[in-house]
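K.L.:
Handing you a structure now.
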Amino acid sequence: MRAVIGSAPAGPARPRTRVSNRTWACVACGKTYRRDQRLPGPVICAICRNPCEYVHWKMRVPSPKKAREWDRFWRLYRSERRELERCFRDGNVEEVVLDLLNMRILPRLKRPGTSDGRR
Ligand SMILES: [Zn+2]
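Put into structure tokens, the structure is as follows:
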């Protein structure tokens, strides 16, 4: 506990800390966890003991109470993640737009002399 120093105006207690929390989510349990970003991940779900999914700060996760939206979101998220991994693995892909991550992957410039040059 830290004492409040100075003449802070009375109001809702909302400390402005510089510590940014990361959000983790257990998809199966429909639970989100906030964790200090300096702590090592992954977060383990308190209910099912499985590692949680890391939620990128750009992503807006629907409320777990809205089961349908929640499921839809994570299905999409996983397919985007798969797509992303495939891009990094293959190296040559079409343009990929990941709405959830707000990312756009452009195909790498074709290097001359690659063995599978399509002609
Ligand atoms: Zn869980």
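Position 81 of the sequence shown, counted from 1, bears residue number 143 in this note's numbering, the numbering being contiguous throughout. Heads up, the beta-carbon is just placed ideally off N, CA and C, and yes, glycines get one too. All values derive from a computational prediction rather than experimental measurement.
(1) Could you give the distance in angstroms between the alpha-carbon of L160 and the alpha-carbon of I109?
(2) What does DSSP give as the partner residue(s) for E115 in the beta ladder?
(3) Measure from the alpha carbon of C107 to the alpha carbon of each residue in Y95, D152, R148 and E156, then state which is nearest.
(4) By alpha-carbon positions, which one of V123, R166 and F150 ends up nearest to E157?
(5) Bridge partners for R96 per DSSP, in chain order?
(6) Between K93 and ligand 1, is the CB less than 7 Å from at least one heavy atom?
P.N.:
A quick look at the data gives this:
(1) Mapped onto the sequence shown, residue 160 falls at position 98. Mapped onto the sequence shown, residue 109 falls at position 47. Going by the C-alpha atoms only, they are around 30 Å apart.
(2) On the sequence shown, position 53 is the one that residue 115 refers to. Paired residue(s): A87.
(3) Along the sequence shown, one-based indexing puts residue 107 at 45. Looking at the Cα atoms, Y95 is the closest of the given residues.
(4) Against the sequence shown, residue 157 aligns to sequence position 95. Of the candidates V123, R166 and F150, the one whose C-alpha sits nearest the C-alpha of E157 is R166.
(5) Taking the sequence shown and counting its residues from 1, one reaches residue 96 at position 34. Beta-bridge pairing links R96 to T85.
(6) Indexing the sequence shown from 1 puts residue 93 at position 31. Under cutoff, so the answer is yes.
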